[in-house]
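**Q** Oh and the sequence shown: position 111 is 111 in the UniProt record's numbering, straight run, nothing missing. From the three backbone atoms N, C-alpha and C, an ideal C-beta is built for every residue, glycine too. A single structure is presented below for examination.
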Amino acid sequence: MISWIRRCWGTREQGADVDVRDEQSDINPIDTAWRIHQAQSDWTSKVDAKAAFAFAIESAAIATVVGLTAKDRLFSNLDQWWLVLLFVLGLILLLAAAGLAALVVIPRLRKDAAAKEARDNFIYFGHARLWNAAQLEDALRSQDILPQLSRQIINMAEIAWVKHIRVQWSFGLAIAGGVLLVACGLLGVG
Numbered sequence: 001m002i003s004w005i006r007r008c009w010g011t012r013e014q015g016a017d018v019d020v021r022d023e024q025s026d027i028n029p030i031d032t033a034w035r036i037h038q039a040q041s042d043w044t045s046k047v048d049a050k051a052a053f054a055f056a057i058e059s060a061a062i063a064t065v066v067g068l069t070a071k072d073r074l075f076s077n078l079d080q081w082w083l084v085l086l087f088v089l090g091l092i093l094l095l096a097a098a099g100l101a102a103l104v105v106i107p108r109l110r111k112d113a114a115a116k117e118a119r120d121n122f123i124y125f126g127h128a129r130l131w132n133a134a135q136l137e138d139a140l141r142s143q144d145i146l147p148q149l150s151r152q153i154i155n156m157a158e159i160a161w162v163k164h165i166r167v168q169w170s171f172g173l174a175i176a177g178g179v180l181l182v183a184c185g186l187l188g189v190g
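Okay, structure coming up:
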C-alpha cells in the first residue's frame with residue numbers, strides 16, 4: 001500500500017518542494033490581488049443579502065407586534081409591570097436589530113474622503129468618477145496598480161468585516177427580542 005502511494009503521489013525526497021516553488025513562481029501578484037478583490041466583493045454581496053433578509057423579517061415582526069397591541073389583542077392589556085418590561089425590551093431589541101440590518105445595506109460613499117484620495121486611486125468607483133478618460137488611460141499604462149489594489153483590498157475587508165458583525169448582532173438581537181416577546185405573550189395569557 002505504501003509503495004502504491006509513493007508511486008502515485010511521490011515523496012518529499014522526489015522533489016515535491018520543487019514542484020510547489022515552480023508553481024508559485026508563475027503566480028502573478030496582480031492576478032492574485034484581483035481574485036482576492038473579487039472574493040471580497042462576493043462576500044460583501046452575500047452579507048448585504050443576509051442583511052436585507054434580516055431587515056425584512058425583523059420589520060415584519062415589528063409590524064406584527066405593533067398589530068397585536070390593538071384592542072382585545074395579545075399585547076393590549078399587559079397588566080403587570082414585568083410584562084410591560086418584557087414587551088418594551090423585546091420591541092426595543094427588534095427595533096435595534098432592524099436598525100443594524102439597515103446600516104449594513106446603506107451605501108458608504110465617503111464622498112469627501114474619496115475626493116481627496118482620487119488623485120492616487122481609481123479602483124473604487126467613487127475615485128474613478130473624478131478622473132477623465134485620457135488621464136485614467138495614462139495612469140493605467142504607467143502606474144503600478146498593486147499598491148492601490150492592496151489598499152483597496154484592505155478597505156474592502158474592513159467594510160465587509162463591519163457588515164458581517166452588524167448582521168451577526170442583528171440576528172442575535174432579533175432572536176433575543178423575539179424570545180422576550182414570546183415570553184411576554186405566553187405569560188400574559190396565563
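(1) Where does V47 land, buried or exposed, given buried means 16+ other C-beta within 10 angstroms?
(2) Mind checking whether E58 and A101 have CB atoms under 8 Å apart?
(3) In terms of alpha-carbon separation, which member of H37, I175, T32 lies closest to I153?
(4) Ends of the alpha helix (DSSP H) at I75?
(5) Apply the 10 Å Cβ neighbour rule to V179 and answer buried if 16 or more other Cβ atoms are within range, or exposed otherwise.
(6) Please state whether DSSP places R110 in a helix, a strand or coil.
(7) The alpha helix (DSSP H) with W131 in it runs from where to where?
(8) Leaving out the 5 sequence neighbours to the left and right, which residues in its chain are closer than 6 Å to L103 when beta-carbon positions are compared?
(9) Quick one: what's got a C-beta closer than 7 Å to S150's C-beta in the same chain, skipping five residues either side?
(10) Pair every Cβ in the stretch 41-55 with every Cβ in the stretch 167-175, then say whether three or more of these pairs are closer than 8 Å.
(11) Could you check if V65 is buried or exposed, using at least 16 other CB atoms within 10 Å of its CB as the buried criterion?
(12) For the 8 Å Cβ check, are there 3 or more pairs between the stretch 173-187 and the stretch 81-98?
(13) Restricting to Cα atoms, I'd like to know which of T69, I62, P107, L94 is closest to A176.
(14) Helix, strand or coil: how does DSSP classify F122 here?
(15) Report the rounded CA-to-CA distance for I30 versus I159, giving the unit in angstroms.
(16) According to DSSP, is A16 helix, strand or coil?
**A** Walking through what the data contain:
(1) buried
(2) yes
(3) H37
(4) Per the sequence presented here, residue 75 reads as Phe, with Ile not at that position. Premise fails: F75 is in no alpha helix (DSSP H) and is neither H nor E.
(5) With fewer than 16 Cβ atoms within 10 Å of its Cβ, V179 is classed as exposed.
(6) coil
(7) Secondary structure note for W131: it is in no alpha helix (DSSP H), with a DSSP letter that is neither H nor E.
(8) A distance below 6 Å between beta-carbons, with the five flanking residues on each side excluded, links L103 to the following residues of its chain, in chain order: R166.
(9) Excluding sequence neighbours, S150 sits near A33.
(10) yes
(11) buried
(12) yes
(13) Closest option to A176, Cα to Cα, is L94.
(14) When DSSP states are grouped into helix, strand and coil, F122 belongs to the coil group.
(15) Near 21 Å, if we compare the C-alpha coordinates of I159 and I30.
(16) Caution applies to A16, whose pLDDT of 48 falls short of 50 and renders its modelled position unreliable; the model cannot decide the point.
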